[in-house]
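To start, the structure under review is shown below, and the notes come after it.
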Amino acid sequence: MARVLRPSTQVVEYARRLAQEPRRAVKLALGALRSERGDIRALEGNLAGYYRLRVGRHRVIFSYASDNAIEAIVIEERQLVYEIFEAQFIKRLKS
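At position 75 of the sequence shown the residue is numbered 74 (numbering that gives the first Met the number 0), and the sequence of numbers has no breaks.
Structure, rendered in structure tokens:
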């Protein structure tokens with residue numbers, strides 16, 4: 000059963016800026032994510048409850064919403080994505 004995918008504005012804008020091949024890979028990976036396929040891992044520690052999808056050198060951080068949709072929250076290159084997401088996560092907790 001395919002779930003609804005709700006990408007954030009950051010995910011959409013980031014994907015638009017990619018070169019053709021990486022953009023295509025991200026689009027295909029997000030499509031497969033709707034059926035929960037792909038290189039998916041649960042995050043640990045402060046980020047428990049969130050998941051990552053590996054797409055080449057890029058990582059998509061996502062979560063499952065209460066209505067069973069998948070919310071793609073942030074995408075970035077591997078070396079930056081966890082720092083950026085953790086900063087957003089902390090900011091969200093403070094507000």
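By construction, the Cβ of each residue, glycine as well, lies at the ideal position given by its N, Cα and C atoms. Bear in mind the structure is a predicted one, so any value in this text is a computation, not a measurement.
Between PHE61 and GLU70 the beta-carbon gap is near 6 Å, inside 8 Å, which marks them as a contact. According to the DSSP secondary-structure assignment, GLU76 is paired through a beta bridge with HIS57.
Three or more beta-carbon pairs separated by less than 8 Å link the segment 14-32 to the segment 42-62, which places the two stretches in contact. For ALA41, there is no enclosing alpha helix (DSSP H); the residue is found in the beta strand (DSSP E) stretching over 38-41. DSSP, read as helix, strand or coil, puts ARG33 in coil. Listed in chain order, the non-local C-beta contacts of ARG40 below 7 Å within the same chain comprise TYR50 and ARG51, local neighbours out to five positions each way being set aside. Taken through DSSP and simplified to helix, strand or coil, LEU46 comes out as helix. As the crow flies, the alpha-carbon of GLY48 is around 30 Å from that of GLU20.
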